[in-house]
Amino acid sequence: MVRNNVDMVIFMLAERQPAPKSQQSLDAHYARHDEIVQSSNIEQTLREIGRSVGIDKDVFNRAVADQAILERLNKLTEQATDEFEVEGTPPFFVNGKKITGAPSLEEMRSAIAAALNGH
Numbered sequence: 018m019v020r021n022n023v024d025m026v027i028f029m030l031a032e033r034q035p036a037p038k039s040q041q042s043l044d045a046h047y048a049r050h051d052e053i054v055q056s057s058n059i060e061q062t063l064r065e066i067g068r069s070v071g072i073d074k075d076v077f078n079r080a081v082a083d084q085a086i087l088e089r090l091n092k093l094t095e096q097a098t099d100e101f102e103v104e105g106t107p108p109f110f111v112n113g114k115k116i117t118g119a120p121s122l123e124e125m126r127s128a129i130a131a132a133l134n135g136h
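Heads up: the sequence shown begins at 18 in this note's numbering, then just goes up one per residue.
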């Protein structure tokens, strides 16, 4: 689920990368989340993080201008909101059933055990 424009850029960059590098890009950006949100120049910070995982200026520019990726991410966000009623992150689903609120570890264990036992 894309929550804001910063998330959108991060996901667009990841979408333009091959599988292992895609996850590396996501990990690098989320590891520096606090730095991104506190930055006085968010774009520059995102570009710097991208460079640290091999995303150069041209790749960055093409990624954020890619309308097909933008549309796909918007559709996924709409589906999460409309079809699955996801209101924030992280959402929790066990065996197709949405767990609401902020479940404790014990509540999650119980829900998973029930699903494994066919309930």
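Cβ coordinates follow ideal geometry from the N, Cα and C atoms, glycine included.
According to the DSSP secondary-structure assignment, Ile66 is paired through a beta bridge with no residue. Look at Phe101 here: in three-state DSSP terms it is coil, with no helix or strand label. In the three-state reduction of the DSSP assignment, Val111 falls in the strand class, which pools E and B.
Residue range Lys74 to Ala82 is occupied by the alpha helix (DSSP H) that includes Asn78.
The residue among Glu65, Ser127, Ile72 and Leu87 with its C-alpha nearest the C-alpha of Val111 is Ser127. The Cβ atoms of Arg20 and Val76 lie no closer than 9 Å to each other. With at least 16 other beta carbons inside 10 angstroms of its own, Val26 counts as buried.
Rounded to whole angstroms, Ala119 and Pro108 show a C-alpha spacing of 9 Å.
Relative to Val70, the option among Glu102, Asp99 and Pro35 whose CA is nearest is Pro35. Take the alpha-carbon of Ala85 and the one of His46: they are about 22 Å apart. No residue range can be given for Pro35, since it is assigned to no alpha helix (DSSP H) and is classified by DSSP as neither H nor E.
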